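Undergrad: Here's a structure for you.
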Amino acid sequence: MCIIFFKFDPHPVSKNAYRFILAANRDEFYHRPAKLADFWGSNNEVLSGLDMEEGKEGGTWLGISMRGKLGALTNYLQPQQNREARGRGKLVSHFLTADMDSLSYLKKVSAEGHLYNGFNLIAADLSTTKGDVVCYYGNRGDPEPIVLTPG
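In terms of the numbering used here, the sequence shown is residues 416 to 566.
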């Protein structure tokens, strides 16, 4: 089971405190080919591992961009997988390279959520000038993405 823990505080009391802390595991099939975390993208602006499974190349489960965009994905356990469903890893890759904020991106994803097997997706814009925004959408729960409160 993949698990993501995170805490964020856009305005920490101490100047030495962290605004965002994340811990995650990737409990995937070990035989599934993947590239180790490295920079990629048009200007090497994204840091993430990359899925290399045939038909799903270029997807990722966790990444961050030089522009302060962070994406994290877990699969939703379901008894039957739709083999015709779109690859979920592209959801993170597309967000990290898209020119959209996290909430707008997740609203777009929610309109197409039925095309994927179950997932949970965190999209964040981490910016000291605009403020940190962290959003969540899961296609097996609420129909709309939500903006998460600090904590």
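Each residue gets a CB set at the ideal place from its N, CA and C atoms; glycine is no exception.
Remember, it's a predicted structure, so these values are computed and weren't measured experimentally.
Sort out for me which residues DSSP pairs C417 with in a bridge.
TA: C417 pairs with nothing; no bridge assigned.
Undergrad: Using only CA atoms, which one of R447, H446, E468, S480 lies nearest to S457?
TA: Of the candidates R447, H446, E468, S480, the one whose C-alpha sits nearest the C-alpha of S457 is S480.
Undergrad: Evaluate K484 with the Cβ neighbour count: other Cβ atoms within 10 Å of its Cβ, from every protein chain shown; 16 or more gives buried, anything less gives exposed.
TA: Buried: at least 16 other Cβ atoms inside 10 Å.
Undergrad: Count the other C-beta atoms from every protein chain shown that fall within 10 angstroms of the C-beta of L530, then say buried if there are 16 or more, exposed otherwise.
TA: Exposed, since its Cβ has fewer than 16 Cβ neighbours within 10 Å.
Undergrad: Leaving aside the five residues before and after K422 along the sequence, list all residues of the same chain whose C-beta is less than 6 angstroms from its C-beta, in chain order.
TA: So the list reads I436, once near-sequence residues are dropped.
Undergrad: Check Y520 in the structure and name its three-state DSSP category.
TA: Y520 falls in the helix class under three-state DSSP.
Undergrad: Could you tell me which residues DSSP puts in a beta bridge with K505?
TA: Partner(s): none; K505 has no beta bridge.
Undergrad: Determine the burial state of P427: buried for a count of at least 16 other Cβ atoms within 10 Å of its Cβ, exposed for fewer.
TA: Per the 10 Å Cβ criterion, exposed.
Undergrad: Rounded to the nearest angstrom, what separates L549 and W455 at their Cα positions?
TA: Before going on, a small fix: residue 549 reads as Val here, not Leu. Straight-line Cα distance between these residues: approximately 23 angstroms.
Undergrad: I need the straight-line Cα distance from P558 to A432, nearest angstrom please.
TA: Cα to Cα, P558 sits roughly 34 angstroms from A432.
Undergrad: For D514, count the other beta carbons within 10 Å of its own beta carbon; 16 or more makes it buried, fewer makes it exposed. Which is it?
TA: The residue is exposed, with fewer than 16 neighbouring Cβ atoms inside 10 Å.
Undergrad: Just confirm the distance between the C-beta atoms of P425 and G546, as a whole number of angstroms; I'd bet it's less than 8 angstroms.
TA: About 5 angstroms; that satisfies the 8 angstroms criterion.
Undergrad: Would T489 pass as a contact of I419 if the rule is Cβ separation under 8 angstroms?
TA: Result yes, Cβ atoms of T489 and I419 sit closer than 8 angstroms.
Undergrad: Could you check where the beta strand (DSSP E) with D545 kicks off and where it finishes?
TA: Per the sequence presented here, residue 545 reads as Lys, with Asp not at that position. It is not in any beta strand (DSSP E) - K545 carries neither H nor E in the DSSP assignment.
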